[in-house]
Amino acid sequence: MSTDTVLKADGVTRRFGRFTALKDVSVSFNRGRLTSIIGPNGAGKSTLFNVLSGAFPPSEGRIYYEDREITGTPQHAFPRMGIAKSFQITNVFPQLTAVENVRVALQAMTNRFTLWRSRTSFPELQEKAEALLDQVGLDRHRHRNAGNLAHGEQRCLEVALALACEPRLLLLDEPTAGMSPEETRVMMDLIEGLAAERTVILVEHKMKLVMGISDQLIVLHHGELLAEGTPADIQSNDDVKRVYLGQRT
Amino acid sequence: MATKNSRTERLATNDIPISGRRVAAALHAVARHRVLAVLVLLAIFPWLMPYKALAVDILLYGLFAMGFNLIFGYTGMLSFGHAAFFGTGAYATGIAMVHFNVPWFGAMALGLVIVAAVAAVIGLLATRTRGIYFAMVTLALGQLVYYAVYQMTELSGGENGLRGIQVSELSVLGVPVNLLDPVNKYYFMLAFIGPAIWVFSRILASPFGAVLEAIRENENRARACGYNVAQTKWVAFLLSGLFCGVAGSLSAIHLSIVPIESLHYHTSGLAVMMSLLGGMGTFFGPFIGAFVFLLLEDVITNITVHWQLFLGTLFVLFVLFLPKGIWGTLLERLGR
Numbered sequence: 001m002s003t004d005t006v007l008k009a010d011g012v013t014r015r016f017g018r019f020t021a022l023k024d025v026s027v028s029f030n031r032g033r034l035t036s037i038i039g040p041n042g043a044g045k046s047t048l049f050n051v052l053s054g055a056f057p058p059s060e061g062r063i064y065y066e067d068r069e070i071t072g073t074p075q076h077a078f079p080r081m082g083i084a085k086s087f088q089i090t091n092v093f094p095q096l097t098a099v100e101n102v103r104v105a106l107q108a109m110t111n112r113f114t115l116w117r118s119r120t121s122f123p124e125l126q127e128k129a130e131a132l133l134d135q136v137g138l139d140r141h142r143h144r145n146a147g148n149l150a151h152g153e154q155r156c157l158e159v160a161l162a163l164a165c166e167p168r169l170l171l172l173d174e175p176t177a178g179m180s181p182e183e184t185r186v187m188m189d190l191i192e193g194l195a196a197e198r199t200v201i202l203v204e205h206k207m208k209l210v211m212g213i214s215d216q217l218i219v220l221h222h223g224e225l226l227a228e229g230t231p232a233d234i235q236s237n238d239d240v241k242r243v244y245l246g247q248r249t
Numbered sequence: 001m002a003t004k005n006s007r008t009e010r011l012a013t014n015d016i017p018i019s020g021r022r023v024a025a026a027l028h029a030v031a032r033h034r035v036l037a038v039l040v041l042l043a044i045f046p047w048l049m050p051y052k053a054l055a056v057d058i059l060l061y062g063l064f065a066m067g068f069n070l071i072f073g074y075t076g077m078l079s080f081g082h083a084a085f086f087g088t089g090a091y092a093t094g095i096a097m098v099h100f101n102v103p104w105f106g107a108m109a110l111g112l113v114i115v116a117a118v119a120a121v122i123g124l125l126a127t128r129t130r131g132i133y134f135a136m137v138t139l140a141l142g143q144l145v146y147y148a149v150y151q152m153t154e155l156s157g158g159e160n161g162l163r164g165i166q167v168s169e170l171s172v173l174g175v176p177v178n179l180l181d182p183v184n185k186y187y188f189m190l191a192f193i194g195p196a197i198w199v200f201s202r203i204l205a206s207p208f209g210a211v212l213e214a215i216r217e218n219e220n221r222a223r224a225c226g227y228n229v230a231q232t233k234w235v236a237f238l239l240s241g242l243f244c245g246v247a248g249s250l251s252a253i254h255l256s257i258v259p260i261e262s263l264h265y266h267t268s269g270l271a272v273m274m275s276l277l278g279g280m281g282t283f284f285g286p287f288i289g290a291f292v293f294l295l296l297e298d299v300i301t302n303i304t305v306h307w308q309l310f311l312g313t314l315f316v317l318f319v320l321f322l323p324k325g326i327w328g329t330l331l332e333r334l335g336r
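What follows is the structure in structure tokens.
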């Protein structure tokens, strides 16, 4: 594995019963780059995302992270390896305040079975949590319950939760799903800022959205790798044009 | 516009009438010093009750429901098998005293070790499942313990229950204490239940308590944050079982017998009902639930033998109209 590759999928296939969602996909993601996985509905984007982020193992094939194989590693071990993710469906702790959401996420990186100290006796966690909320633009909503935040704000909160483990690799599954144009702009700015400091893998349905900010694109179609390359390569790719314009081959 | 604003503001602050605000302030004070508040109340509690044995019952079942609430209210898993821990605690302590002449303190310690073992095994099997499956698995495993003890007639007394636990002269730190005196008995129980409440409060306030809430709120997110959800649930289950085991162990000394019903799923159901009546996921809820349930049972059985019909109806009404229970609703109404 070359030194500038962070994550690599090697011959990954994933079946659900008789349905093959992903067919022998081999891709690698470069360090410090923003790579977007795109494709029409049902292309296998989310399946690839879930396999890469450890939500479920591939049926066949292997996943490598930095210099080791991580196929089948349990989900909860990912943040400690420096891999964080956000979900396609908003996924926060609704009855906890925004700051408590982030504090719990930060706490996961410390000793988990502290039974005897008070949870408020860790001021450094509280400070860090507030700083992270600041970073995603939610400092005003610190003490509101996460479930009462607007949709776009909840998604930003989720990014803050993902950042809590100080990830070297950030995986985002359709972070702008269901957002208003204004919220989308805020989120894309946020992602661009995050990508300056770490490797980002982004799953996105809307091709236009990622063209401007991606270093690399991966196009999936019917569970197979259709094309990969720079945004310019992809834009001039005839196969991709055909798939996105919905013409039959 | 300006006047309208000031009016809405005034409305907001005057929303709760003066007396209500005083109550709210008092409740806030209670919530802040919850351990102290409970201990003061518990110290004078027997004199507030129609008779003192009822006060002991409320304490014991309150502790039982509180332990259960760690899994149910705080971690979000509905168990129907917690009688296994209450009953095992009672039987193990009783059997050690009756058949092996172990002094009461040693018998209680032994009881807890055995409860820990039972909770560890049941927890390992049950926490792999979720939702309704978790409820069914805990119910089945709980009944398994019930029938196992039922069959051990030599040790457990079978369906007659375990009899002959001597509590008339227990040596407490070298001083003989007669637990047949209800006041002695009450304070003896309080000496265990008070510290248990304190420990429970510490656990809830700890980082571990925060993890439990996170799992209840969103298991997937907790996992993605880096928490080993399966392991955390197992530890919570074990702790929950231990608190219920302490309650069971004390109940053996309280009653000086152990009825086989203490292992039956009806007893598990009691913990569910008491938690829901008082307010699941609240600190005081289980004790308030135990108080209301046992007091009503006591009052209604004086009038009719069909007390379960009345309590059952009350329970259904609570689930339908006050799902947060008495304490949970109070907290909500008065705005924490």
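Residue numbers (this note's numbering), protein chains in the order written: chain L, 1 to 249; chain E, 1 to 336. Even glycine gets a Cβ: it sits at the ideal position worked out from N, Cα and C.
Residue i and residue j closer than 7 Å at C-beta
| i | j | result |
| --- | --- | --- |
| E/Val137 | E/Leu263 | no |
| L/Val219 | L/Leu209 | no |
| E/Gly81 | E/Leu141 | yes |
| E/Gly346 | E/Leu162 | The question about residue 346 of chain E has no answer here: the residues shown for chain E are numbered 1 through 336. |
| E/Val167 | E/Ser256 | yes |
| E/Val98 | E/Ile165 | yes |
| L/Leu34 | L/Ala105 | no |
| L/Pro72 | L/Gly11 | Note on identity: in this sequence residue 72 of chain L is Gly, with Pro being the wrong assignment. No, the Cβ-Cβ distance between L/Gly72 and L/Gly11 is not below 7 Å. |
Closer than 7 Å to chain L by CB, residue i
| i | result |
| --- | --- |
| E/Arg221 | yes |
| E/Ser206 | yes |
| E/Tyr210 | For the sequence presented, residue 210 of chain E should be read as Ala rather than Tyr. So yes, E/Ala210 belongs to the interface. |
| E/Ala69 | It should be noted that the sequence gives Asn, not Ala, for residue 69 of chain E. Output row for E/Asn69: interface = no. |
| E/Thr3 | Because the pLDDT at E/Thr3 is just 40, under 50, the model does not fix this residue reliably, and the value given afterwards should be weighed accordingly. By this cut-off, E/Thr3 is not an interface position. |
| E/Glu217 | yes |
| E/Gly226 | yes |
| E/Ile203 | yes |
| E/Ala214 | yes |
Residue i versus residue j: straight-line alpha-carbon distance, rounded
| i | j | result |
| --- | --- | --- |
| L/Met179 | E/Pro323 | 34 Å |
| E/Asn69 | L/Leu217 | 50 Å |
| E/Arg22 | E/Val177 | 43 Å |
| E/Glu219 | E/Tyr227 | 9 Å |
| L/Thr249 | L/Arg242 | Caution is warranted here: a pLDDT of 46 is assigned to L/Thr249, below 50, making its placement in the model unreliable, and no coordinate value can be reported. |
| E/Phe45 | E/Ala191 | 14 Å |
| L/Met81 | L/Tyr65 | 9 Å |
| E/Val316 | L/Ser26 | 57 Å |
| E/Tyr265 | E/Leu42 | 28 Å |
| L/Asp24 | L/Gly44 | 12 Å |
| E/Ala224 | L/Leu163 | 11 Å |
| E/Ala76 | E/Val183 | Strictly speaking, residue 76 of chain E in this sequence is Gly, with Ala absent from that position. Distance between the alpha carbons of E/Gly76 and E/Val183: 37 Å. |
| E/Val340 | E/Ile253 | Examination of residue 340 of chain E is not possible in this model, given that chain E is present from 1 through 336 alone. |
| L/Ile37 | L/Cys165 | 23 Å |
| L/Leu52 | L/Glu204 | 15 Å |
| L/Asp233 | L/Val240 | 10 Å |
| L/Glu192 | L/Gly212 | 10 Å |
| L/Arg144 | E/Glu159 | 54 Å |
| L/Gln88 | L/Gln235 | 25 Å |
| E/Arg216 | L/Ala84 | 21 Å |
| L/Asp134 | L/Pro58 | 37 Å |
| E/Asp181 | L/Pro74 | 56 Å |
| L/Phe19 | L/Phe49 | 17 Å |
| E/Ser339 | E/Val38 | The requested residue 339 of chain E does not occur in the structure, where chain E is confined to residues 1 to 336. |
CB contact below 7 Å: residue i versus chain E
| i | result |
| --- | --- |
| L/Lys85 | yes |
| L/Phe56 | no |
| L/Val104 | yes |
| L/Thr249 | The predicted position of L/Thr249 is uncertain, since its pLDDT is 46 and thus under 50; a value taken from the coordinates is nonetheless stated next. Chain E, which has no Cβ nearer than 7 Å to the Cβ of L/Thr249, makes this no. |
| L/His76 | yes |
Bridge partner(s) assigned by DSSP for residue i
| i | result |
| --- | --- |
| E/Gln151 | Its beta-bridge partners do not exist; DSSP assigns none. |
| L/Gly229 | L/Leu217 |
| L/Lys85 | L/Leu171 |
| L/Glu100 | The partner list for L/Glu100 (beta bridge, DSSP) is empty, contrary to what the question assumes. |
| L/Thr13 | L/Glu60 |
| L/Arg251 | Given a span of 1 to 249 for chain L in the structure shown, any question on residue 251 of chain L remains unanswerable. |
Any non-hydrogen atom of the ligand FAD within 6 Å of residue i CB
| i | result |
| --- | --- |
| L/Gly229 | Of ligands this structure carries none, so the ligand FAD is not represented either. |
Beta carbon proximity, residue i to chain C, threshold 7 Å
| i | result |
| --- | --- |
| L/Ser118 | The chain labelled as chain C is not found among the protein chains of the depicted structure, namely L and E. |
Specify whether the stretch 236-243 of chain E and the stretch 92-107 of chain L touch according to this definition: at least 3 beta carbon pairs, one from each stretch, less than 8 Å apart.
A contact is defined here as three or more CB-CB pairs under 8 Å, and the stretch 236-243 of chain E fails this definition with respect to the stretch 92-107 of chain L.
For the structure I just gave you, are there three or more beta carbon pairs, one from the stretch 90-98 of chain E and one from the stretch 240-252 of chain E, closer than 8 Å?
In the pairwise beta carbon analysis, the stretch 90-98 of chain E is classified as touching the stretch 240-252 of chain E: at least three pairs are separated by under 8 Å.
Determine, using beta-carbon pairs with one atom in the stretch 49-66 of chain E and one in the stretch 109-117 of chain E, whether at least three such pairs fall under 8 Å.
Taking 8 Å as the limit for Cβ pairs, the verdict is that the stretch 109-117 of chain E does not touch the stretch 49-66 of chain E.
Determine, using beta-carbon pairs with one atom in the stretch 199-214 of chain L and one in the stretch 164-173 of chain L, whether at least three such pairs fall under 8 Å.
Touching, per the Cβ criterion.
Counting pairs of Cβ atoms below 8 Å between the stretch 274-285 of chain E and the stretch 324-331 of chain E, do you hit three or more?
The stretch 274-285 of chain E makes contact with the stretch 324-331 of chain E, as at least three CB pairs between them are under 8 Å.
Assess, as a yes-or-no matter, whether the stretch 143-161 of chain L is touched by the stretch 81-92 of chain L under the definition of 3 or more beta carbon pairs within less than 8 Å.
Flag = yes, the stretch 81-92 of chain L and the stretch 143-161 of chain L touch.
Does the stretch 285-299 of chain E touch the stretch 57-65 of chain E, meaning 3 or more C-beta pairs lie closer than 8 Å?
Segments in contact, yes.
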